[in-house]
Structures are given as structure tokens and as C-alpha cells.
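In this note's numbering, the protein residues as written are 5 to 640.
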């Protein structure tokens, strides 16, 4: 239906794929569940008495966001929202946050504000306002003479590796959302200054901190550098690199610079990995010295950065083996089970420079900090690393394949929340509100495929290079003042492309909400007709009225058994079309083979976020899993 404009061993290592019915949950989900069980109401960090706005909170929110995107389980989103709502007020002010502290740590929960500001939530303007407050802090953040952010106001003239993860992923995403090219330039500048001052040409690693003034006792008087290389600091930096790249557009010169930085770091990480255990030591470059030990948080961060870097094509595929070895080391060295729940051991509690009592950055200092079980600075990266390894176990299917989504026949526009400028929306890859395909697109990308928009009419040139082409709900005049109707030339181009081996997806809507007449001119080439009969007319929250039994469609839906589809157009078929899913004598889904190609047809968009993100429909309806099943069929 049309979305309304809104209101450990082998036992531990085994279940790396998204779980089938009754199969053990993936490691990322098990660790997330353990965290939620330990922190059911709020996140109190370390030995504090109360919860407050904190970078460890932001780290965990990002980890839970990724588990939510992997599972479609709304519990994770609910936890994220509940946590943030304890802090963010209606006017965007943030309880316990003090902008004048000018600490980059306070920026780390910013990406969660941006998530909540983009999804469909009543009153979510408050999250955008809160994000704007964090962006204002960055605008006023004290800087070194060269323009690098001070780590905190109480640490003048100092850049720490930690700060790159705390601030730059948020800064980059906020800049991308607001079309702020200067902001992206500034993000890149922070990395460039770190590379200039903190990268060690001998080891390829990076020192923990840099004091431009050379006044700190820990600072080398010639270079300003702290004396040692701390694994978690390097881990923060590595994670920041791969996360910021998500928001640097293709063709941007800074994107190439950041990829080069990651490619410079990766060989060093491989070199300093323990050959026997696959883990990394607390103080890098001193692996054999007395007292040094394998540390969980840095090791998890390195696995995450390397695996994500390989997945997204930044790093040579040989680093997948480094990540795999590292992940096996995490499971064997740090993971245990307690009363059936996962626990993470071996995370150093903290590591800093200066302050009171004074931290001199010496080898003995880093060894003096205590270890903690289930410290969030280890748990969060372990979850993120697990997500990447779970993706790595399944993404061979879509490698080298491209899924194109039509933005020409479906071309509705609205005002962008952040910029006020017109933007395309409704059934787009980018859209995170109810009517977008953000989650389905994420599934396809995690299966290894590339997702692209097709903003022009289908021609041999525009379809060249696509393996899958998806057309959803072509516009009528009700939706677009000058709709692009499917023409005979369009139909011929698409049909010829299918015959030559393309896989086509046609998703209509009930006839009151879709331009059916011209869409049928294309569909008839595959033996399909979208009728004017609509079924599953759901009243209110009577979800059972939208139930679709997928049992007859087992050729496509290997795991999902039941879906929720509301107000869909019944299909009439003739050769070469074949019924795939039939309910109550009505054909709901169909497939067709034409030449070397295939077609999947359904009279509803059905896989948009509202019905896949686990926040609205009961869990018995497996739309999220059905989307993944369909993705596997399309990409095989």
C-alpha cells in the first residue's frame, strides 16, 4: 500500500550466518542480547552512579544499529530510542551534555541522533535539533594552529587518535546530509593532520597523541608525540577511517586520500598481529616485553576495520584472511559464556595522556590500567567485528553484480528535512523513513551486490551493467505533476534486456495508488497482468488481514514462511508467467522466464522499511527475512 505521508570454540564460532528458524543466533546478536540484559534500563559506564551522555553509549548505539539492520528485530531499535530519549529533550537540548566542555567524546552519540532524525518517528525533529547542537560544538571547538581539533578543552593543543572516531563519522554524515562540502573538507583535514604528525614511518602504526605546543611532560620535545603506540587508540583511528568513507562521495579527492591512509595502515596491522593467536597486543611494537598482553578492544577494532575495508573494496582481499584469523582469535581468547550469555574478557579499562593523576604515556602506564569484563569499549567493537564476519560468510553471492532501482517512472519529491531543498523520496535506496528501501538495499549490499539508482528511461545504455533492475509503483498524476509513463520504447528496451539475461522485478500497488495501465503494457510481455482487484484490505491494526502464506513460494523463499502484504493487486497470468505464491485461490506473486532472463512480479512494494524494520508488524510476519530470501534468488 502507499505509505502515508507521516505523521568458541567451534560451538561459539559455528552460527555465523543469519539464523534460520530455531537456529542459534549469530554472535553479533548474542552479544547484543547479553549487553541489553546487563543494561536493561540505562547505560551506566564503569563505576559511575548514574547514566550520562557518553562516547561508550554512542559506540554501543552504533553496534546495536548494525544488529538491527542485520536482523530486522525491532527490539534493538526500541532500545536505542529509549536510551537516547532519556537525554534528548523536545527542544533538542541534551541532558548532562555541556557544549562548553569542548570534549570530542560528547560527539560520539551523534550518529544515533542522525539515525533517529531520519526514520519515521513522531516528534523526531528533536533529534535533528540535538544533532545541530553537536555540530555547533564542532564549529566552535578549539583547534591547533594548523586547524586540528583539540581532543578536549582541558587538553589544549592536543590531538589524540581517539578523537577521530569520536567526532569525524558524525561530522562526515552531518556534512553529507546538509550538502556541506566545506565540512567534508574539514573532516579530511583532521585525518591529514593525524597522518602528518602521528604516523610512524618505521612501523606504519600511529602514536596515541600529539601536543603541538610540546609543553606536556609526555610529549617528545622535538616531535610533540607521546612515547608509545596504544592498540585501542590505533583501533579508534582505523574504525574512523572505514566509517567516514561511508559519507565521502565517489569522485571526491578526499575519498582517495582516506583510502590511501587505510591502505597504508593495513600492512602494519597484519605485521603486528600475533602469528599464533591472531590477536594484537596492548602496547604495539613491544609485543615480547614483560607484562604486555593480548587486548580485546583493539583486536576487535582491527578485525572490524580490516573486514569492512575488504568488503567495500578499499583493501586487497588478502586482508580478509587477517581479519578472519583475528576474529578466530577473539573467540578463542576473549569470549566465554556465563549462564548461556556471551561475555567478553580482556578489555583494558582506559588509556589516556596527562590529567590528574598524571598519565605519562609510558609503557608501564598502559600496563597499569586494569582489565574489565564486558567493558563497552570492547563489547561494541566485538559486535561490529562480528557483523562484518557474518557478512563475509555470505557476500560471495552478489560479488560483481549490480542491482538498479528505477528513479524515473517512480519520481516523487519532497522537501529535505536538513536542507529544505527538494529531494526524491518514496521507494529509494537512500530513504530511511517508512516508505524507503534502505533496509532492503542494505541486505542486497551485504549479500555482496552493488545498489545503484537508475534516474533515466531504460535504454540499452542505461541498463548495461545491471544484473537486476527493479521498477516500483510508477507514478500517476496524483503523485507527480508530470509523470513519466512507460512507453513502448521503454517496454522494448526492458524486455530485450531480460531476454539477454537480466533479472527484472516488477512491484506495483493497488490500482488506486499506482499507474497501472502503462505498467501492464510492460508486464504483459512476461505474461502478467495487474488486475484492478485488490485483496488484503487491512483495517487498523488487524494485521492478520494482510497475512500471506509463502509456503507455495519455497523456490524463492527458503526461510521465510509468512509475510504481511497490505492492499495488493491480484495477478492474472498466461505463459510464460507461472504462479509463485497463491493464497485463497488468488495469485499474489509470479515469476517468468524469458530467453536467458527471469522476472519476479508482485502487486505491492511490500519490502519498504515500514514492513521490514520490526517496529510495526508482529514478528510472525517475516518480511525482513523474505527480502533476504528474494535477494538471494535475484542474485544467484
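By construction, the Cβ of each residue, glycine as well, lies at the ideal position given by its N, Cα and C atoms. Since the structure is predicted, the reported quantities are computational estimates derived from the model, not experimental observations.
Assuming residue i contacts residue j under a Cβ cut-off of 8 angstroms, what Cβ separation, rounded to an integer in Å, is found between them?
{"i": "residue 351", "j": "residue 375", "result": "7 angstroms"}
{"i": "residue 61", "j": "residue 113", "result": "6 angstroms"}
{"i": "residue 348", "j": "residue 383", "result": "5 angstroms"}
{"i": "residue 144", "j": "residue 423", "result": "That belief does not hold up - the Cβ atoms of residue 144 and residue 423 are roughly 22 angstroms apart, past 8 angstroms."}
{"i": "residue 103", "j": "residue 130", "result": "Contact doesn't hold; Cβ gap of about 17 angstroms is too wide."}
{"i": "residue 451", "j": "residue 519", "result": "Going by Cβ atoms, the distance from residue 451 to residue 519 rounds to 30 angstroms, so no, they are not a contact pair."}
What does DSSP give as the partner residues of residue i in its beta bridges?
{"i": "residue 147", "result": "153"}
{"i": "residue 587", "result": "590"}
{"i": "residue 163", "result": "214"}
{"i": "residue 409", "result": "457, 474"}
{"i": "residue 351", "result": "376"}
{"i": "residue 170", "result": "DSSP output for residue 170 lists no bridge partner at all."}
{"i": "residue 568", "result": "551"}
{"i": "residue 98", "result": "92"}
{"i": "residue 532", "result": "577"}
{"i": "residue 509", "result": "474, 604"}
{"i": "residue 418", "result": "427"}
{"i": "residue 35", "result": "Note: residue 35 sits in no beta bridge, so no partner."}
{"i": "residue 339", "result": "348"}
{"i": "residue 597", "result": "602"}
{"i": "residue 203", "result": "210"}
{"i": "residue 233", "result": "288"}
{"i": "residue 363", "result": "358"}
{"i": "residue 582", "result": "595"}
Output yes or no for whether 9 angstroms exceeds the beta carbon distance between residue i and residue j.
{"i": "residue 282", "j": "residue 235", "result": "no"}
{"i": "residue 531", "j": "residue 474", "result": "no"}
{"i": "residue 550", "j": "residue 570", "result": "yes"}
{"i": "residue 91", "j": "residue 83", "result": "no"}
{"i": "residue 78", "j": "residue 618", "result": "yes"}
{"i": "residue 169", "j": "residue 243", "result": "yes"}
{"i": "residue 608", "j": "residue 516", "result": "no"}
{"i": "residue 165", "j": "residue 238", "result": "yes"}
{"i": "residue 603", "j": "residue 476", "result": "no"}
{"i": "residue 567", "j": "residue 627", "result": "yes"}
{"i": "residue 597", "j": "residue 575", "result": "no"}
{"i": "residue 507", "j": "residue 601", "result": "yes"}
{"i": "residue 467", "j": "residue 514", "result": "no"}
{"i": "residue 249", "j": "residue 318", "result": "yes"}
{"i": "residue 124", "j": "residue 548", "result": "no"}
{"i": "residue 358", "j": "residue 222", "result": "yes"}
{"i": "residue 246", "j": "residue 186", "result": "no"}
{"i": "residue 533", "j": "residue 577", "result": "yes"}
{"i": "residue 385", "j": "residue 67", "result": "yes"}
{"i": "residue 240", "j": "residue 288", "result": "no"}
{"i": "residue 469", "j": "residue 599", "result": "no"}
{"i": "residue 559", "j": "residue 637", "result": "yes"}
{"i": "residue 634", "j": "residue 73", "result": "no"}
Could you tell me the alpha carbon to alpha carbon distance between residue i and residue j, rounded to whole angstroms?
{"i": "residue 18", "j": "residue 454", "result": "Residue confidence for residue 18 is low, a pLDDT of 36 falling below 50, so the modelled location carries little weight and cannot support an answer."}
{"i": "residue 120", "j": "residue 252", "result": "21 angstroms"}
{"i": "residue 621", "j": "residue 328", "result": "36 angstroms"}
{"i": "residue 177", "j": "residue 190", "result": "13 angstroms"}
{"i": "residue 211", "j": "residue 229", "result": "7 angstroms"}
{"i": "residue 13", "j": "residue 499", "result": "Bear in mind that a pLDDT of 36 at residue 13, under 50, signals an unreliable position, so the number given afterwards is only what the model happens to contain. Roughly 51 angstroms between the two C-alpha positions."}
{"i": "residue 624", "j": "residue 552", "result": "11 angstroms"}
{"i": "residue 538", "j": "residue 415", "result": "24 angstroms"}
{"i": "residue 172", "j": "residue 445", "result": "25 angstroms"}
{"i": "residue 108", "j": "residue 117", "result": "16 angstroms"}
{"i": "residue 277", "j": "residue 198", "result": "23 angstroms"}
{"i": "residue 448", "j": "residue 157", "result": "43 angstroms"}
{"i": "residue 629", "j": "residue 556", "result": "16 angstroms"}
{"i": "residue 631", "j": "residue 640", "result": "14 angstroms"}
{"i": "residue 616", "j": "residue 431", "result": "13 angstroms"}
{"i": "residue 265", "j": "residue 153", "result": "19 angstroms"}
{"i": "residue 122", "j": "residue 96", "result": "15 angstroms"}
{"i": "residue 441", "j": "residue 75", "result": "15 angstroms"}
{"i": "residue 301", "j": "residue 274", "result": "16 angstroms"}
{"i": "residue 200", "j": "residue 218", "result": "16 angstroms"}
{"i": "residue 232", "j": "residue 330", "result": "22 angstroms"}
{"i": "residue 369", "j": "residue 286", "result": "11 angstroms"}
Nearer than 8 angstroms: is that true of the beta carbon of residue i relative to any heavy atom of the ligand FAD?
{"i": "residue 260", "result": "Looking for the ligand FAD in the displayed structure turns up nothing, as the structure carries no ligands at all."}
Item to complete: Could you tell me whether the stretch 365-380 touches the stretch 422-433, where touching means 3 or more Cβ pairs closer than 8 angstroms?
Response: The stretch 365-380, when compared against the stretch 422-433, does not touch it at the 8 angstroms Cβ threshold.
Worksheet item: Between the stretch 31-43 and the stretch 384-394, are three or more C-beta pairs nearer than 8 angstroms?
Response: At 8 angstroms Cβ cutoff, the stretches touch.
Worksheet item: Is it true that the stretch 405-421 meets the stretch 588-599, where meeting means three or more beta-carbon pairs spaced less than 8 angstroms apart?
Response: Verdict: no, contact absent.
Worksheet item: Touch check for the stretch 476-487 and the stretch 449-465: three-plus C-beta pairs under 8 angstroms?
Response: Judged by Cβ distances under 8 angstroms, the stretch 476-487 makes no contact with the stretch 449-465, as fewer than three pairs qualify.
Worksheet item: Is it true that the stretch 339-348 meets the stretch 188-207, where meeting means three or more beta-carbon pairs spaced less than 8 angstroms apart?
Response: The answer is no - the stretch 188-207 does not touch the stretch 339-348, with fewer than three Cβ pairs under 8 angstroms.
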